[in-house]
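Visitor: Sharing a structure with you now.
Number of protein chains: 2
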Amino acid sequence: MTQPAIILVNPQMAENIGHAARAMLNFGLTDLRLVSPRDGWPNHDSKSTAAGADHLLKNARLFDTTEEAIADCTRVFATTVRDRDMPKPVVTPHEAACQMRDILGKGGQVAVLFGPERSGLTNDDVVLADTVLSIPVNEGFSSLNLAQAVILVSYEWFITSDESKPFIEYDGAAASKKELIGLMEHVEQQLDIKGYFRSRGRRETQTRTIRNLLQNSGLSSQEIQTLRGIIKSLSGEAQSR
Amino acid sequence: MTQPAIILVNPQMAENIGHAARAMLNFGLTDLRLVSPRDGWPNHDSKSTAAGADHLLKNARLFDTTEEAIADCTRVFATTVRDRDMPKPVVTPHEAACQMRDILGKGGQVAVLFGPERSGLTNDDVVLADTVLSIPVNEGFSSLNLAQAVILVSYEWFITSDESKPFIEYDGAAASKKELIGLMEHVEQQLDIKGYFRSRGRRETQTRTIRNLLQNSGLSSQEIQTLRGIIKSLSGEAQSR
C-alpha cells in the first residue's frame, strides 16, 4: 500500500460514489472501498458522475461491515465535521495527510472513513478509528457534501507530496536595464517633440513620475518591444520613417 | 469587503452554481458573482444543489462581462488547473489565501475567477487577473469539477484563519485492525458468557467504552496475543479445551 484507502461507509446516492471517485483520482488516489451502499453495487448511476474515473468504480471493493473494510489497515482516520465526544486525537486534513505519509513510509497501512451523506459516521464506526479527521467548516453551515469531504482529504494528501512547489515570482524574460532605460528615453523624446512637458521644471517632475511608473511595472523584454511599437505608432514615427 | 468575491465566468450548468454556493458557504464565503451564465439567471435548477445556501443565490450579482464583475477589485486571481503561458505570478491555493488575507487586511478588494466547466477560463479572462491561482492536480486526470475547484479555494481561505493543531506520532508496532477487532470480539464474547453486561443498554455503552479503551491503547500484535491469552486464562476457556 502506497496511498490511503478511501472507505465510504453506507453511502446513499450512487451519484455521490461517482463524484467521490472522480475527486479521488483528481489527486491520485485509487483504492476505493464501499461498505454496504444503500442502493446496491455495482450501480449504473455512479458512472456518469465519475467522469472518466470509471476504473476506480470497477475496482472498488465491496464489504458488508466497516470491520472487514479496515481489516488490513494499521491506522484508520474517521472523517467528521463536528466534534464527537470520543477519547481520540483529532487532526486537521493537513495533519492527517502528513501522518498518512509518515505511516505509509514506515510500512503501515492507512484508510480514511467517510459516513453516509445524511448523518455522517456512526459513533460505532468512529470507535474503530485511531484518529478523528475533523474538517474545519463554517459552524453556521456545516453540512458538507460527501464528495466535497473526499476531495478535501484527497487534496491535502496530494499537496503534501509537492511541498517544494511554492509561489513562482514572475521574472521570466525580465528586461535588462538597458532596454528599460531605452524605453524611458524613447517616450521622453517623443513627449518632448509633442510639447507635452511645457516647462523645464515640469519636465523634471513628470519624467520622474513616468520613470517610476515604468520601472515598477515589471516589464519583460517582449513587453518593452510592444510598448516601443505603441509609442512609434501613436507618435507617427512609424510613418515618418 | 472582508472576504474574496467568487466569480463564476460563463458557468454552464445551474446545478453547478448551486453546488458552488454551498461550497462557498461551508467555508464562510458569501459574495457570489456570475458572468453571463449559459442558461440564464435566476435559474431554478441551482436551488436544490445549494442545499440551504439559497441566500447566496438570491444575492448573487449578475454581470455581462468579467471586466464589470471585477471593477471594484484591486487584486484578481484566475483559477486554473493547467499551466498557462502568461507573464504572471503563479500561486497555490494556500499561498493565494495568505495573499488574500494580507490584501484585504490592507483595505484592498479581492476576487477569484473560475471558468466554465468544460474549458476553464479563456486566456482573455486570465489576462485581466494579477495572479494565476493554480490548483495542483493529478496530471493524468486533471478535469476538476467547478464546485470542487471552488471548495478547494474556499477551504484554503477558511483554514488560513485557523490555528494549527498538534501532530501525533505514529507507533510503528501497531497491530492490524483485524487483530484488534478479534480481541474486541473475544473479550465481549467472554463477558457475555459471564453475564458481565447485565442488560442490553448497559452492553451497548460498556462495549463502546471497552472498544475505545482497546483501540486507544496502541497495542502491538504481540500485546494482543498476550491479552488474548490472559482472557482465555481468566475465563477458563483454556482449560475447557
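Residue numbers (the working numbering), protein chains in the order written: chain A, -15 to 225; chain B, -15 to 225.
Just so you know, even glycine gets a beta-carbon here, dropped at the ideal spot from N, CA and C.
#1: For P150/B, which three-state DSSP category applies?
#2: So E51/A contacts chain B; which residues on that side make the cut at Cβ distance below 7 Å?
#3: Near G99/A, what residues of its chain come up, given a Cβ to Cβ distance below 6 Å and the 5 sequence neighbours on each side ignored?
#4: Would A80/A pass as a contact of F125/B if the rule is Cβ separation under 8 Å?
#5: State the DSSP-derived secondary structure class of S204/B, mapped to helix, strand or coil.
#6: Compare the C-beta of I(-10)/B against all C-beta atoms of chain A and say whether one is closer than 8 Å.
#7: If you run the structure through DSSP and keep just helix, strand and coil, what is I1/A?
#8: Quickly, what does DSSP pair I(-10)/A with across the bridge? List them, please.
#9: What are the boundary residues of the alpha helix (DSSP H) that S138/B is part of?
#10: Under a Cβ-count criterion, where at least 16 other Cβ atoms within 10 Å of its own Cβ denotes burial, should R6/B be classed as buried or exposed?
#11: Flag L128/B as yes if its beta-carbon sits less than 8 Å from any beta-carbon of chain C, otherwise no.
#12: Between L16/B, T49/B, E101/B, V110/B, which has its C-alpha nearest F61/B's C-alpha?
#13: Between the segment 13 to 25 of chain A and the segment 116 to 133 of chain A, do three or more beta carbon pairs fall short of 8 Å?
#14: Out of H28/A, G12/A, T(-14)/A, point me to the one whose CA is closest to I1/A's CA.
#15: With a threshold of 16 other CB atoms inside 10 Å of the CB of T50/A, please say whether the residue is buried or exposed.
#16: Given a threshold of 16 other Cβ atoms within 10 Å of its Cβ, counted over all protein chains shown, does R239/B qualify as buried or as exposed?
#17: Can you check whether the C-beta of A4/B is within less than 8 Å of a C-beta belonging to chain A?
#18: Kindly indicate which residue of D48/A, G12/A, Q(-4)/A has the alpha-carbon position closest to the one of D23/A.
#19: Could you tell me which residues DSSP pairs with S160/B in its beta bridges?
#20: Give a yes or no on whether 8 Å exceeds the smallest Cβ distance from P100/B to chain A.
#21: What does V226/A reach in chain B if we use C-beta pairs closer than 8 Å?
#22: Determine the direct distance from the alpha carbon of M168/B to that of N107/A, and round the result to whole angstroms.
#23: State yes or no: is the C-beta of A95/B within less than 8 Å of the C-beta of I54/B?
#24: For V116/A, list the residues DSSP reports as bridge partners.
#25: Would you mind telling me which residues of chain A sit closer than 8 Å to V121/B, beta carbon to beta carbon, in chain order?
#26: Applying a beta-carbon distance threshold of less than 9 Å, which residues of chain A neighbour A37/B?
#27: If you draw a straight line from the alpha carbon of I215/A to that of P71/B, how long is it in whole angstroms?
#28: For the segment 160 to 179 of chain A and the segment 196 to 205 of chain A, state whether three or more C-beta atom pairs, one from each stretch, are separated by less than 8 Å.
#29: How about F11/A and V121/B: are their beta carbons less than 8 Å apart?
#30: Measure from the C-beta of A7/A to each C-beta in chain B and report whether the shortest distance is under 8 Å.
#31: With a cut-off of 8 Å, does the C-beta of S20/B fall near any C-beta of chain A?
#32: For L136/B, go through chain A and note every residue whose CB falls closer than 9 Å to its CB, in chain order.
#33: Exposed or buried, what is I177/B when buried is set at 16 or more other beta-carbons lying within 10 Å of its beta-carbon?
#34: On the three-state DSSP scale, how would you describe R182/A?
Guide: This is what the structure gives:
#1: Because the pLDDT at P150/B is just 41, under 50, the model does not fix this residue reliably, and the point stays unresolved.
#2: For E51/A, the C-beta contacts it makes with chain B under 7 Å involve I165, in order along the chain.
#3: V(-7), L105.
#4: Taking 8 Å as the Cβ cut-off, A80/A and F125/B do not qualify as a contacting pair.
#5: Strand at S204/B.
#6: At least 8 Å separates the CB of I(-10)/B from every CB of chain A.
#7: In the three-state reduction of the DSSP assignment, I1/A falls in the helix class, which pools H, G and I.
#8: DSSP output for I(-10)/A lists L16/A, V96/A as bridge partner(s).
#9: First-last of the alpha helix (DSSP H) with S138/B: 130 to 143.
#10: When all chains shown are included, R6/B counts as buried.
#11: Included in the structure are the protein chains A and B, with no chain C among them.
#12: The residue with the shortest Cα to Cα distance from F61/B is V110/B.
#13: Verdict: no, contact absent.
#14: For the set H28/A, G12/A, T(-14)/A, the Cα lying nearest the Cα of I1/A is the one of H28/A.
#15: Buried is the call here.
#16: Since the first residue of chain B shown is -15 and the last is 225, residue 239/B is not available in this structure.
#17: Between A4/B and chain A, the shortest Cβ-Cβ separation is not below 8 Å.
#18: Put simply, of D48/A, G12/A, Q(-4)/A the residue whose alpha carbon is nearest the alpha carbon of D23/A is Q(-4)/A.
#19: In the DSSP output, where bridge partners are listed per residue, S160/B has none listed.
#20: It does not; no Cβ of chain A falls within 8 Å.
#21: What is shown of chain A runs -15 to 225, which leaves residue 226/A out entirely.
#22: Whole-angstrom Cα-Cα distance: 16 Å.
#23: For A95/B and I54/B, yes; Cβs fall inside 8 Å.
#24: Paired residues: A62/A, V74/A.
#25: Result: N10, F11, F142.
#26: Near A37/B (Cβ distances below 9 Å), the residues of chain A are F125.
#27: C-alpha separation (whole angstroms): 21 Å.
#28: With the rule of 3 Cβ pairs closer than 8 Å, the segment 160 to 179 of chain A counts as touching the segment 196 to 205 of chain A.
#29: In this structure, V121/B lies closer than 8 Å to F11/A by Cβ.
#30: When Cβ-Cβ separations below 8 Å define contact, A7/A makes contact with chain B.
#31: Taking a beta-carbon distance threshold of 8 Å, S20/B does not count as an interface residue toward chain A.
#32: By Cβ distance, chain A contributes I135, L136, Y139.
#33: Counting Cβ neighbours within 10 Å, I177/B comes out exposed, since fewer than 16 surround it.
#34: It is coil, neither helix nor strand.
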